[in-house]
Every structure is written in structure tokens, then in C-alpha cells.
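Undergrad:
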Amino acid sequence: MDTSTRIGDNFSSVLDAARTGADWAWERIYDSLAPTIIGYLRARGAPDPEGVAGDVFIQLVRDIGRFEGDEAGFRSWVFVMAHHRLLDDLRRRRRRPETVAPPESMAALEDGGDLEGGVLDSVTTAELRALIETLTPPQRDVILLRVFGDLKVEEVAKAVGKRPGAVKALQRRGLEALRAKLEYPFEDEGR
Amino acid sequence: MTRDELDQALERLRVELTTSPDSDVRTKHLAAMKAAFVTPNLAPRRIRRPGFARRVAVGAAAFVLVGGTAMAATGTLPAPAQDAVAKVAHGVGLSLPHRAEVTNPRANENPGVAFANAKKRWLDCEKSGATDCGPKPTAQGFIHVSPKPSESPEGSEGPGNHGQGFEHRHSPETTRTPHPTEHGEGQVTPRPTHTPQPTEHADDGHGSDDHTPRPSQTPGD
């Protein structure tokens, strides 16, 4: 279920209202972006996706006066922020390690759908998440930003601090690695 | 697995992970956003203050600098400060009045004006019938009369002497001692390039005592 909704033609008026502090505008922006941001953070393996998402939206409020562009640019701008806040969170947790399993994200996977199809899908999704975790960090960043943020190559390049050509190469190699692992899931274990 | 199947799997992953946050989380996030919106309105004021203070400081410094310079130039600074500033200014080639020049306003007065003023004061004193007016001021006490070039004892400077000597035209000195190397007007004998020193007299006739071989000398000589 895709719960994210685009603001659409009203984006500029919503943006202007948000800059003046209108509550309805903040709610509109939050509802349109929060599900996708939290989904990206979950897929990226954030131990506390909601907490990081909260930091992202606080930064959004503080920096919204400096943003210029359309809705697509706004979404990529917020995803870049989410990516950076996630890296900050992971860095902070490395300094203070703790064993956290995100049960709420797994519970969310099991919600909805018919029992048989849901179980099959969740297994496949869990397997895919595990395979994504085996990619190199740059490959993982590029693929998830492309999939969840729907960012262009140039926007991903800006987010991860690489050239567009390097981003294309990382995406291609990452997808090939995922495909190979899905076809031969136990290949690495036999080596 | 084909590329399309992989894309479908990734799309399924995106859809399943993209879920709305709980209402509690949503409420908490929105409250944090509202709180964060208030802060930036205060922040620029805090940021603006240092800039304002800096402008005030620069203005005050410029005022002190310009005002102090003007006061120093006119000699209206307090005496110790005036002396100090004049001393520093002299070091960089500026001429500012010292305390003495400032406290004695007549120090820079024209001698003729000073004489006229002193004479006027003496006359006023005499008219008032005072007995301690002192001696009558005379011009010699104020005006130093230097002899003119034409009054030089030599008196020989006629049209024919024009251009014969730089010093005659510009220096009215009458007691000038001629330089030992000078013989007569404008004639200069070349100064000896080498004056024998006492130590060199001892070596006369014996050649140089220098053991360092000269460039022209060779060991076989």
C-alpha cells in the first residue's frame, strides 16, 4: 500500500503557508512525505526510523526558508536530509553500540493482505531486505534512494557525494548483485 | 530472475515498508515541527546582535581616530598626550606641535608681530603708570638680522663670479674655514688617495708583509 500522496498543483501555496507557520501546511507536507521517508529509513536499516524521521522534519522546518523549487525538487531535498540524518544516527550508534531489533517494522510487514499471500510476500520482502544489507554501503544508498525517494541520478549523486556516472555504475552493479543473490541465494555460503 | 522481476520485488519492498506512522508518532512529530518553527524567529536576532555591536565598535573607533588626529593636529590634546602623539608622529615623518609649542602660543609667532605685541604691551604698561614695565622692547630682541650675502667681508662677488661656487651663492657664512683640499675659489685639488699609515712606514722598502700571494705572483717567481 502506497500511503504517500503528492501535494500536486497546490504545492507552492502549501510551501508559502508552511513558511508562515500554518499548521495545516505542516500537516500536509508531513503526510505527503513521512511514510516514504520512514520506509526508506526502515529499508536502510535504521534502528529507530521514526526518531530519525522526526529529526528530518525538524531540520526541514528550520531550512525551508532556503528552499527554492518544485515539488519533485522538494522531495529530493528532503531525502538528501534523511540520508544525512541517517548517517549521523548510525555514526552516533556506532560510538554507543546497542543491540536493537526494530520489531515495529517487522510487525508492519505482516499487516494486511490475505494470510497466505501476506506471508509469502513478507518472506520475500524480508529476504530482499537481507540481501540489500549484503550490498556495499554505496550500492545500498544508491538503490534505496532511487527506489524510495524516486530521485534522479543527479539528485542521488548530490546526496551521496559522488558523480552521476559513479552513481549509475553503483546502481547497475548493485542490481546485478541482488539479481545474482536472488537466483543463487546460497552461493556465497558454499564458498 | 529478470530485471523486471527484480524491479517488481523492489517495488513491493517499497510499498510494504512505506507505511504511515502511528498517530502518536505523527502528533509528536508535528508538535516538534511547530516548536522548531518558533526558534528560527529568535535566532536571527541573536545573530544580528554581533553585527550591530561590530558596526558600533567600528564607528566609535573611527570617531576616536579622526577626532584624536584632529585634536593632535591642532594641539588641543592634554599636554602629556600631545607630547606622546607628537613623538610618535615625528617617527613617521609627521610634524605635530609639542606641549611647549602649544602652551606658549607665541612660540610660533612671527618675530615682527611678536615685537609689535611686546611693544604695545610695554606702552600700555607705561601709560597705566606702572613702574615695573621693564626695559623697552627693541627689535634686536625679537628679530635676528642675518648678514646679507652682499654684506660679506669678501665683497668680491661681482657679475664675473656668478656660478663659480655653489657655496658662495647659498651660504652667507663669513667665518667659513676653507677645506684643506681647497685652494682658492672653486679650485679643488684631488685628495691623496692613499695616506701612509705608521705601520706602513715600517714596511717601506721591504715590500708587503702580506704573505698571501698576489694574483700576479706564482710560486716560481
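Sequence lines, in order, name chains A and B. The first sequence: position 23 = 63 (the numbering used here), numbered continuously. The second sequence: position 195 = 190 (the numbering used here), numbered continuously. Where is the CB? At the ideal position from N, CA and C, for every residue including glycine. Keep in mind the model is a prediction, meaning the values are calculated, not measured.
(1) Please confirm if residue 98 of chain A has its CB atom under 7 Å from at least one CB of chain B.
(2) Straight-line CA distance for residue 77 of chain B to residue 91 of chain B?
(3) Could you name the residues of chain A that residue 28 of chain B contacts, counting a contact when the two beta carbons are closer than 8 Å?
(4) If the cut-off is 9 Å on Cβ atoms, which residues from the region 5 to 21 of chain B count as contacting chain D, listed in chain order?
(5) Should the region 209 to 219 of chain A be called in touch with the region 124 to 137 of chain A, which here means at least 3 C-beta pairs below 8 Å?
(6) Mind checking residue 64 of chain A: buried by the 16 CB within 10 Å criterion, or exposed?
(7) Measuring CB atoms only, is the region 7 to 20 of chain B touching the region 72 to 88 of chain A, in the sense that at least three cross pairs come out at less than 8 Å?
(8) Using CA coordinates, which residue listed in A/170, A/91, A/184 and A/50 is at the minimum distance from residue 72 of chain A?
(9) Between which two residues does the alpha helix (DSSP H) harbouring residue 67 of chain A extend?
(10) So what's residue 176 of chain A in DSSP terms, helix, strand or just coil?
(11) Buried or exposed: where does residue 179 of chain A fall if 16 or more other Cβ atoms within 10 Å of its Cβ makes it buried?
(12) Below 8 Å on the Cβ atoms is my contact criterion, and I expect residue 202 of chain A with residue 171 of chain A to pass it. Report the Cβ-Cβ distance as a whole number of Å.
(13) For chain A, is any of its Cβ atoms less than 7 Å away from the one on residue 32 of chain B?
(14) What residues from chain B crowd round residue 218 of chain A, counting only those whose CB sits closer than 9 Å?
(15) How is the alpha helix (DSSP H) around residue 85 of chain B delimited, first residue to last?
(16) Within 7 Å of any Cβ in chain B, is that where the Cβ of residue 108 of chain A sits?
(17) Given that residue 78 of chain A touches chain B, what residues does it touch there, using C-beta distances under 9 Å?
(18) Let me check you understand the geometry: is the CB of residue 90 of chain A closer than 6 Å to at least one non-hydrogen atom of the ligand MN?
(19) Where does residue 216 of chain A fall in DSSP's three states?
(20) Excluding five sequence neighbours on each side, which residues of the same chain lie with their C-beta closer than 8 Å to the C-beta of residue 196 of chain B?
(21) Which chain A residues are close to residue 25 of chain B, counting only those with a beta carbon under 9 Å from its beta carbon?
(22) Comparing alpha-carbon positions, which option in A/95, A/101, A/74 and A/48 lies nearest residue 60 of chain A?
(23) Report back the beta-carbon spacing between residue 46 of chain A and residue 111 of chain A to the nearest angstrom; my notes put them in contact at under 8 Å.
(24) Which residue marks the beginning of the alpha helix (DSSP H) containing residue 99 of chain A, and which one marks its end?
TA: Taking the definition as stated:
(1) Sequence index remark: in the first sequence, residue 98 of chain A carries index 58 (1-based). Chain B, which has a Cβ nearer than 7 Å to the Cβ of residue 98 of chain A, makes this yes.
(2) By one-based count along the second sequence, residue 77 of chain B stands at place 82. By one-based count along the second sequence, residue 91 of chain B stands at place 96. Near 8 Å, if we compare the C-alpha coordinates of residue 91 of chain B and residue 77 of chain B.
(3) Walking along the second sequence from the start, residue 28 of chain B turns up at place 33. Simply 66, 70, 97, 98, 100 and 101.
(4) The chain inventory of the structure shown lacks chain D, comprising the protein chains A and B.
(5) no
(6) For the purposes of this step, residue 64 of chain A is identified with residue 24 of the first sequence, where counting begins at 1. It counts as exposed.
(7) yes
(8) Here residue 72 of chain A is taken as the residue at index 32 of the first sequence, counted from 1. The shortest C-alpha separation from residue 72 of chain A is found at A/50.
(9) The residue you call residue 67 of chain A lines up with position 27 of the first sequence. Note, residue 67 of chain A: alpha helix (DSSP H), 63 to 83.
(10) Position 136 of the first sequence, counting from 1, holds the residue named residue 176 of chain A. Three-state result, residue 176 of chain A: coil.
(11) As a position in the first sequence, residue 179 of chain A is number 139, starting the count at 1. Classification for residue 179 of chain A: buried.
(12) Residue 202 of chain A sits at position 162 when you count from the first residue of the first sequence. Residue 171 of chain A sits at position 131 when you count from the first residue of the first sequence. Contact doesn't hold; Cβ gap of about 22 Å is too wide.
(13) Start at 1 with the first residue of the second sequence, and residue 32 of chain B comes out as number 37. Chain A contact via Cβ: present.
(14) In the first sequence, counting from the first residue as 1, residue 218 of chain A sits at position 178. Chain B residues near residue 218 of chain A: -4, 1, 4 and 5.
(15) Counting from one through the second sequence, the residue named residue 85 of chain B turns up at place 90. Counting along the chain, the alpha helix (DSSP H) containing residue 85 of chain B begins and ends at 74 to 86.
(16) By one-based count along the first sequence, residue 108 of chain A stands at place 68. No, its Cβ sits nowhere closer than 7 Å to a Cβ of chain B.
(17) Looking up residue 78 of chain A in the first sequence gives position 38. Neighbours of residue 78 of chain A in chain B, taken as residues at a C-beta separation under 9 Å, are given in chain order as 12, 13, 14, 15, 16 and 20.
(18) The model on display carries no ligand, and the ligand MN is accordingly not part of it.
(19) Position 176 of the first sequence holds residue 216 of chain A. Three-state result, residue 216 of chain A: helix.
(20) Along the second sequence, read from residue 1 onward, the residue named residue 196 of chain B stands at position 201. Reliability fails at residue 196 of chain B, whose pLDDT of 45 lies under 50, so the model's placement of it is uncertain and no value is given.
(21) Translated into the one-based positions of the second sequence, residue 25 of chain B becomes position 30. By Cβ distance, chain A contributes 63, 66, 67, 70 and 97.
(22) Locating residue 60 of chain A in the first sequence gives position 20, counting from the first residue. The shortest Cα separation from residue 60 of chain A among A/95, A/101, A/74 and A/48 belongs to A/101.
(23) Position 6 of the first sequence, counting from 1, holds the residue named residue 46 of chain A. Position 71 of the first sequence, counting from 1, holds the residue named residue 111 of chain A. Residue 46 of chain A to residue 111 of chain A, Cβ: 6 Å. Contact.
(24) What you label residue 99 of chain A is simply residue 59 of the first sequence in a count that begins at 1. Residue 99 of chain A -> alpha helix (DSSP H) spans 89 to 103.
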